[in-house]
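Scroll down for the structure; my scribbles are underneath it.
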């Protein structure tokens, strides 16, 4: 029996490099699991749209033994509107399909962020803004806070989470707050976690690839912005684990 189709669903971007890196991630997933049908889909900006991809799956969309089952794996870093609404709605429209969890939070992503910080030359004396895309769904902030704690377990720096949109604090607000702490202002002291102030303010980009949100980080007033998470083989490994876990959960439920 063939494995269910994986629909690797990304947000979508108009940035050519970002789009190429997400496509390379899909190729890496397929390379790790030969024979798995990995399909492209998006919830915004790019085509093919997830709803159209679901509608075009082979078999009987109204139910029947011939219909193909599929797993939608969000190539997204946290639970948010696109996972809870767009992807959930698309999966509901196609009997036999299920949705997997997003890629984050995950300790391996924290380790990858730590790697990006080390690659950028960040020292223990620097202050870090962990910059996520942001969502109006409160579960997204919970995911980012969890990832923040995972990164704190790896580094002694003062680390503050912030968001590109729809949640507070914004990235510029967090940069300004840490700037004040570094100068010994009102925000410094016990809240700074006992870290010796005086270093740079660095933005750790908790984003998959270059695109609109990553471009905005350069305008937030930090001394340094790290590269996004891609390219990295760990993202393909996590995506396949999410796929397998979704199938196992569906089998247990059945």
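Residue numbers (our numbering): 4 to 257.
Where is the CB? At the ideal position from N, CA and C, for every residue including glycine.
From a predicted model like this one, the values you see are computed outputs, not experimental measurements.
Item	Value
Within 8 angstroms, strictly: CB atoms of residue 236 and residue 24	no
Euclidean distance between Cα positions of residue 173 and residue 49	26 angstroms
Counted within 10 angstroms of its Cβ, other Cβ atoms place residue 245 as buried (16 or more) or exposed	buried
Touch test, the segment 156-176 against the segment 108-117, Cβ-Cβ under 8 angstroms, three pairs minimum	yes
Reference residue 210, options 224, 22, 9 and 55, closest by Cα	22
Exposed unless 16 or more other CB atoms sit within 10 angstroms - verdict on residue 223	buried
Counterpart residues of residue 130 in DSSP-defined beta bridges	204
Of the residues 128, 229, 58 and 102, the one placed nearest residue 251, counting alpha carbons only	102
Rounded straight-line distance, which links the Cα of residue 242 to that of residue 197	A caution first: residue 197 carries a pLDDT of 43, below 50, which makes its placement in the model unreliable, though a value can still be read off. Their Cα atoms are separated by approximately 37 angstroms.
Secondary structure, alpha helix (DSSP H): runs of 4+ residues fully inside the segment 13-100	19-35, 53-58 and 91-95
Check whether residue 123 and residue 16 have beta carbons under 8 angstroms apart	no
Backbone secondary structure at residue 248 - three-state DSSP	helix
Beta-bridge pairing of residue 215 - partner residues as DSSP gives them	In the DSSP output, where bridge partners are listed per residue, residue 215 has none listed.
Buried/exposed call for residue 152, threshold 16 Cβ in 10 Å	exposed
Straight-line Cα distance separating residue 26 from residue 171	31 angstroms
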